[in-house]
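A.B. asks:
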Amino acid sequence: MVYSKKASVWELSVLQLATDKVWYKGVVLKGNRDIQNKKGKAFQNAIRVICSYFTPVLSNQEICIHTKAGLIFTKTDTFGRFQAVSDKAYCEDLKITLSGSDEVLKLIQNYPVFFQEEQRTLDIISDIDDTILVSNTANIFQRIKTLLFLVPERRTVIEFTKNIFQAWEDVNPRLFYVSKSESNLFGLLTTFIKHNELPLGVLTLTPYLSFFQLIKGQKPIDFKLNAIRFLITQSRSKHYILVGDDTQKDMAIYTTLAKAYPELILKIYIRRTGKDISETQQKMWEELLATGTSASYFLPEHADSILKEIQTLKEELI
Numbered sequence: 033m034v035y036s037k038k039a040s041v042w043e044l045s046v047l048q049l050a051t052d053k054v055w056y057k058g059v060v061l062k063g064n065r066d067i068q069n070k071k072g073k074a075f076q077n078a079i080r081v082i083c084s085y086f087t088p089v090l091s092n093q094e095i096c097i098h099t100k101a102g103l104i105f106t107k108t109d110t111f112g113r114f115q116a117v118s119d120k121a122y123c124e125d126l127k128i129t130l131s132g133s134d135e136v137l138k139l140i141q142n143y144p145v146f147f148q149e150e151q152r153t154l155d156i157i158s159d160i161d162d163t164i165l166v167s168n169t170a171n172i173f174q175r176i177k178t179l180l181f182l183v184p185e186r187r188t189v190i191e192f193t194k195n196i197f198q199a200w201e202d203v204n205p206r207l208f209y210v211s212k213s214e215s216n217l218f219g220l221l222t223t224f225i226k227h228n229e230l231p232l233g234v235l236t237l238t239p240y241l242s243f244f245q246l247i248k249g250q251k252p253i254d255f256k257l258n259a260i261r262f263l264i265t266q267s268r269s270k271h272y273i274l275v276g277d278d279t280q281k282d283m284a285i286y287t288t289l290a291k292a293y294p295e296l297i298l299k300i301y302i303r304r305t306g307k308d309i310s311e312t313q314q315k316m317w318e319e320l321l322a323t324g325t326s327a328s329y330f331l332p333e334h335a336d337s338i339l340k341e342i343q344t345l346k347e348e349l350i
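Per our numbering, the sequence shown starts with residue 33, numbered consecutively.
In structure tokens:
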């Protein structure tokens, strides 16, 4: 197939919602791009990551999603993002074009696109950085070093979080990854997820950023909270588990969600990243506990008790 030279599609996900609607979302980059998540060495990884912040997006452009059920028209925003909730069903030969053009945009990812809605007892919504992989978020210099010079296959997986996911497998949960990491890192993150055999789930990341947007901190406020709210209200599972860590604002966000959906949030897991708990972390933890939602603030040595609790919770759900 001859693809358009004008633009390519990045981070495409299609999620069937419980309301017989389908959520289409992705990012449109300028130019005919190639897959960015090829295995390489540390220096090559650093070059790919840096170059992504100098890759322009196609902003404020009308696009057309072609399905067997019909056409879906939408528009990219300032960050090149598009999304549409439609009654048009997903099809495997889905195509995306710029409005008014027949040239198909190349899809540049090695990760599933379609995630089907089924009747579920449980959905798991997880953070990424320092929750499923070590990112050293609390130390900016260490974070940059890790991001640039460790290829995805050599990044450290958080084994206990992986064990939590595996412990819930009997209930057949869906898994959503919601992170403040920018869309530039989609290829790196999905390579890590596949390499470590973590559950394949929809990734919802903050916008694709240019270098100047990155250093200015131009990420949407309340992005993570709003993204999880959307998933909870649209996927309509009977129960949700939230997994995060104590390096940023996961506890505060999950506290808000526990207050908003007390009957839906079954359990909250927070990974403790340091030996000591700061005054701020302790205060956020106490506020989370005050919601009455069951929560665990875990270290590796808590593994046995938490995994035993999961067995008990599963018996109540099945």
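Note that the Cβ used here is the ideal one computed from N, Cα and C, for glycine as well.
Would you kindly report the start and end of the unbroken beta strand (DSSP E) that includes residue 115?
C.D. replies: On the sequence shown, residue 115 is found 83 positions in, with the first residue counted as 1. Segment 113 to 118, the beta strand (DSSP E) holding residue 115.
A.B. asks: On the three-state DSSP scale, how would you describe residue 42?
C.D. replies: As a working note, residue 42 is residue 10 in the sequence shown. Correct three-state label for residue 42: strand.
A.B. asks: So which of 146, 141, 64, 62 has the shortest CA-CA distance to residue 54?
C.D. replies: As a position in the sequence shown, residue 54 is number 22, starting the count at 1. The shortest C-alpha separation from residue 54 is found at 146.
A.B. asks: Between which two residues does the beta strand (DSSP E) holding residue 329 run?
C.D. replies: As a working note, residue 329 is residue 297 in the sequence shown. Its beta strand (DSSP E) spans residues 327 to 330.
A.B. asks: I need the DSSP call for residue 342, collapsed to helix, strand or coil.
C.D. replies: What you label residue 342 is simply residue 310 of the sequence shown in a count that begins at 1. The answer is helix: DSSP assigns residue 342 an H, G or I state.
A.B. asks: Check whether the Cβ atoms of residue 116 and residue 56 lie closer than 8 Å to each other.
C.D. replies: Translated into the one-based positions of the sequence shown, residue 116 becomes position 84. Translated into the one-based positions of the sequence shown, residue 56 becomes position 24. Taking 8 Å as the Cβ cut-off, residue 116 and residue 56 qualify as a contacting pair.
A.B. asks: Which residues mark the beginning and the end of the beta strand (DSSP E) in which residue 334 is found?
C.D. replies: Here residue 334 refers to the residue found at position 302 when the sequence shown is read from its first residue. It is not in any beta strand (DSSP E) - residue 334 carries neither H nor E in the DSSP assignment.
A.B. asks: If you draw a straight line from the C-alpha of residue 103 to the C-alpha of residue 153, how long is it?
C.D. replies: Here residue 103 is taken as the residue at index 71 of the sequence shown, counted from 1. Here residue 153 is taken as the residue at index 121 of the sequence shown, counted from 1. Going by the C-alpha atoms only, they are around 33 Å apart.
A.B. asks: Note the first and the last residue of the continuous beta strand (DSSP E) segment covering residue 129.
C.D. replies: Sequence index remark: in the sequence shown, residue 129 carries index 97 (1-based). Element bounds for residue 129: 127 to 130.
A.B. asks: If I measure Cβ to Cβ from residue 72 and keep anything under 8 Å in the same chain, skipping five residues before and after, which residues do I get?
C.D. replies: In the sequence shown, counting from the first residue as 1, residue 72 sits at position 40. So the list reads 80, 183, once near-sequence residues are dropped.
A.B. asks: With a Cβ-Cβ cutoff of 8 Å, do residue 158 and residue 234 count as a contact?
C.D. replies: In the sequence shown, residue 158 corresponds to position 126, counting from 1. In the sequence shown, residue 234 corresponds to position 202, counting from 1. It is not a contact, given that the beta carbons lie outside the stated cut-off.
A.B. asks: My output table needs one value for residue 200: the three-state DSSP class, helix, strand or coil.
C.D. replies: For the purposes of this step, residue 200 is taken as residue 168 along the sequence shown, with counting starting at 1. If DSSP states are grouped into helix, strand and coil, residue 200 belongs with coil.
A.B. asks: Rounded C-beta distance between residue 331 and residue 300? I'm assuming under 8 Å.
C.D. replies: Position 299 of the sequence shown, counted from the start, is the residue given in the question as residue 331. Position 268 of the sequence shown, counted from the start, is the residue given in the question as residue 300. Rounded, the Cβ-Cβ distance is 16 Å, inconsistent with contact.
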